Amino acid sequence: MAMRHVSTTINSEPAEFLCEPGATLLEVLRDQLGLTGTKEGCSTGDCGACSVLLDGRVICSCLVLAAEVEGAVVETIEGLAPAGTLHPLQQQFLVDAALQCGICTPGILIAAKALLDRNPNPSETEVRFWLAGNLCRCTGYDKIVRAVMQTAAEMAQHAEPEGARP
Amino acid sequence: MRAANYEAPRSVEDAVALLVTSQGRGHVFAGGTDLLVSLQNGRVEAELLVDVKRIERMMRIEHTDGVFRIGAAMCAARLAEHAELQSAWPGIVEAAELIGSTQIQGRASLGGNLCNASPAADSVPALLAAAARCVVAGPDGEREVPVQEIPIGPGKTSLRPGEIIVEFLVPDPQPRSADAYLRMIPRSEMDIAIVGAAANISLDGDGRCTAARVFLAAVAPTVCEVPAAAEALVGRAIDVSVLAEVAEAARAASSPIDDHRGTVAYRTRVAGVLAGRATAIARDRALARG
Numbered sequence: 509m510a511m512r513h514v515s516t517t518i519n520s521e522p523a524e525f526l527c528e529p530g531a532t533l534l535e536v537l538r539d540q541l542g543l544t545g546t547k548e549g550c551s552t553g554d555c556g557a558c559s560v561l562l563d564g565r566v567i568c569s570c571l572v573l574a575a576e577v578e579g580a581v582v583e584t585i586e587g588l589a590p591a592g593t594l595h596p597l598q599q600q601f602l603v604d605a606a607l608q609c610g611i612c613t614p615g616i617l618i619a620a621k622a623l624l625d626r627n628p629n630p631s632e633t634e635v636r637f638w639l640a641g642n643l644c645r646c647t648g649y650d651k652i653v654r655a656v657m658q659t660a661a662e663m664a665q666h667a668e669p670e671g672a673r674p
Numbered sequence: 525m526r527a528a529n530y531e532a533p534r535s536v537e538d539a540v541a542l543l544v545t546s547q548g549r550g551h552v553f554a555g556g557t558d559l560l561v562s563l564q565n566g567r568v569e570a571e572l573l574v575d576v577k578r579i580e581r582m583m584r585i586e587h588t589d590g591v592f593r594i595g596a597a598m599c600a601a602r603l604a605e606h607a608e609l610q611s612a613w614p615g616i617v618e619a620a621e622l623i624g625s626t627q628i629q630g631r632a633s634l635g636g637n638l639c640n641a642s643p644a645a646d647s648v649p650a651l652l653a654a655a656a657r658c659v660v661a662g663p664d665g666e667r668e669v670p671v672q673e674i675p676i677g678p679g680k681t682s683l684r685p686g687e688i689i690v691e692f693l694v695p696d697p698q699p700r701s702a703d704a705y706l707r708m709i710p711r712s713e714m715d716i717a718i719v720g721a722a723a724n725i726s727l728d729g730d731g732r733c734t735a736a737r738v739f740l741a742a743v744a745p746t747v748c749e750v751p752a753a754a755e756a757l758v759g760r761a762i763d764v765s766v767l768a769e770v771a772e773a774a775r776a777a778s779s780p781i782d783d784h785r786g787t788v789a790y791r792t793r794v795a796g797v798l799a800g801r802a803t804a805i806a807r808d809r810a811l812a813r814g
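This is the structure we're talking about:
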């Protein structure tokens, strides 16, 4: 079986690795590249713990072959916060205690970021359905949904130009 | 080990050639949301994965000369992002948007949904209600086939060795026509259909039905057409009593199984309910198109 050489971009940095043809992106991220922020929950695409952005789209990295990301752009949870500054979603999750064990949290943050990138003002229903592919055993989702909604509201406030509010 | 080899050809011809030389041990790999799971659990073995996502024709959606050409490997999410398709065929789009989750829709394709040939596939009834066709490429060249001819049983298609579905062809809707798709699942999201129902309704200027196509998912070994529903609809104004006949026709056409998601009795009853509701929604959408 021939190893494959892959050149890609991960969290805005060029990355290269060798992988087996059947290796998943999740396996390579965690086991070869040391990017263990992305979690393995089920390896069947059901739980969303392994969510990453691939060319801007949130997908399950357990269902992507590492060989496929040649020339693509991958963003993982490690890339969410530029050095020293938490993303507003991360900040709000801390403030609102929207996590307990934290195993679902990287996947949820990546999926939530993908939502707010597309829809800066989602309804609660839109948030819940968008995050339906991310399972959490601890929180019952309520604080997660509230944190995402609050983040959206605050990001919208900060986006308003000066003098827009009375 | 999931696969011994992986190739990403840039053309349909190259993909077909790879499948042919693999002599049945190669597999088309689009979104991988069914395939990779099956490779993982041993349900499928593949010596070669032929990744078709670098073939531009299989990844794009075009609307020209009154036909939507939808790449068979394109992810479901992109259907929803296509404003013209959303407007013309809201039923096809809403069906595709029900597949799995946000993450799954970022990868899963219409081609995969069709060729995985689950009886519960969500996009298939809606495509059939639209009388969609598909372009199949193989060692003998390309042929155009009604999508209805592809699934022949659970997990089985009519495709011959070395054949790939390249694109789906969906014509513009007829005037005063519209489609709809509804699904019942055990949970509120992220589950497999107990029943799915698609309806495509055409009306005349007086609001009377001139044509109808009704299809059901998950109540038979393959997607199930309900010709008796169309007979009940054509020539009539679609009122409550006609919808009741549609529901009865759907129940009669259903031959579901008992499983952990639903009993025969439950599925049959829900098939009637969803067929009636999908027909009503399609009727209302068609009326709104004036």
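Protein sequences appear in the order of chains V and P. Each residue of the first sequence is one higher than the last, beginning at 509 in my numbering. Each residue of the second sequence is one higher than the last, beginning at 525 in my numbering. Each residue gets a CB set at the ideal place from its N, CA and C atoms; glycine is no exception. Note that the structure is a prediction, hence the values are computed from the model and not measured.
Chain P within 7 Å of residue i, Cβ atoms only
i, result
"His601 (chain V)", "The sequence as given places Phe at residue 601 (chain V); His does not occur at that position. Phe601 (chain V) does not count as touching chain P."
"Ile567 (chain V)", "yes"
"Phe695 (chain V)", "Since the displayed chain V opens at 509 and closes at 674, residue 695 (chain V) lies outside it and no answer follows."
"Gly648 (chain V)", "no"
"Gly641 (chain V)", "yes"
"Ser675 (chain V)", "Because chain V here runs from 509 to 674, residue 675 (chain V) falls outside it and cannot be looked at."
"Ala575 (chain V)", "yes"
"Ser520 (chain V)", "no"
"Ser515 (chain V)", "no"
"Thr552 (chain V)", "yes"
"Leu571 (chain V)", "yes"
"Pro614 (chain V)", "no"
Separation of residue j from residue i, as counted between CA atoms
i, j, result
"Val568 (chain P)", "Val656 (chain V)", "39 Å"
"Leu543 (chain P)", "Gly615 (chain P)", "33 Å"
"Ile518 (chain V)", "Gly530 (chain V)", "20 Å"
"Phe601 (chain V)", "Arg538 (chain V)", "24 Å"
"Arg707 (chain P)", "Tyr790 (chain P)", "14 Å"
"Ala510 (chain V)", "Ala641 (chain P)", "32 Å"
"Gln547 (chain P)", "Ala597 (chain P)", "22 Å"
"Arg711 (chain P)", "His551 (chain P)", "32 Å"
"Thr659 (chain V)", "Leu624 (chain V)", "9 Å"
"Ala620 (chain P)", "Ala523 (chain V)", "34 Å"
"Cys558 (chain V)", "Glu535 (chain V)", "10 Å"
"Gln599 (chain V)", "Lys547 (chain V)", "20 Å"
"Thr588 (chain P)", "Leu693 (chain P)", "11 Å"
"Leu683 (chain P)", "Gly564 (chain V)", "34 Å"
Short Cβ contact (7 Å threshold) for residue i with residue j
i, j, result
"Ala741 (chain P)", "Pro649 (chain P)", "yes"
"Val577 (chain V)", "Ala622 (chain V)", "no"
"Val758 (chain P)", "Ala799 (chain P)", "no"
"Leu543 (chain V)", "Glu586 (chain V)", "yes"
"Gly545 (chain V)", "Cys568 (chain V)", "no"
"Gly641 (chain V)", "Gln627 (chain P)", "yes"
"Val719 (chain P)", "Val794 (chain P)", "yes"
"Val659 (chain P)", "Val690 (chain P)", "yes"
"Val536 (chain P)", "Ile594 (chain P)", "no"
"Ala717 (chain P)", "Ala654 (chain P)", "no"
Local conformation of residue i per DSSP, three classes
i, result
"Glu578 (chain V)", "coil"
"Ser712 (chain P)", "coil"
"Thr803 (chain P)", "helix"
"Tyr649 (chain V)", "coil"
"Val572 (chain V)", "coil"
"Ile616 (chain P)", "helix"
"Leu638 (chain P)", "helix"
"Lys547 (chain V)", "coil"
"Glu632 (chain V)", "helix"
"Ala644 (chain P)", "coil"
"Ser778 (chain P)", "coil"
"Ile457 (chain V)", "Given a span of 509 to 674 for chain V in the structure shown, any question on residue 457 (chain V) remains unanswerable."
"Ile628 (chain P)", "helix"
"Glu687 (chain P)", "coil"
"Leu594 (chain V)", "coil"
"Thr545 (chain P)", "helix"
7 Å Cβ cutoff, residue i in contact with chain V
i, result
"Ser562 (chain P)", "no"
"Arg631 (chain P)", "yes"
"Arg526 (chain P)", "yes"
"Glu618 (chain P)", "no"
"Ser625 (chain P)", "yes"
"Thr557 (chain P)", "yes"
"Ile529 (chain P)", "It should be noted that the sequence gives Asn, not Ile, for residue 529 (chain P). Chain V, which has a Cβ nearer than 7 Å to the Cβ of Asn529 (chain P), makes this yes."
"Met714 (chain P)", "yes"
Residue i: contacting residues in chain A (beta-carbon distance under 9 Å)
i, result
"Ala601 (chain P)", "The displayed structure is made up of protein chains V and P, and chain A is not among them."
Between the segment 664-672 of chain P and the segment 754-764 of chain P, do at least 3 Cβ pairs fall closer than 8 Å?
Contact between the segment 664-672 of chain P and the segment 754-764 of chain P is not established, with fewer than three Cβ pairs separated by less than 8 Å.
Could you say if the segment 606-617 of chain V and the segment 634-648 of chain V meet the contact criterion of at least three C-beta pairs nearer than 8 Å?
Result yes; three or more Cβ-Cβ pairs closer than 8 Å.
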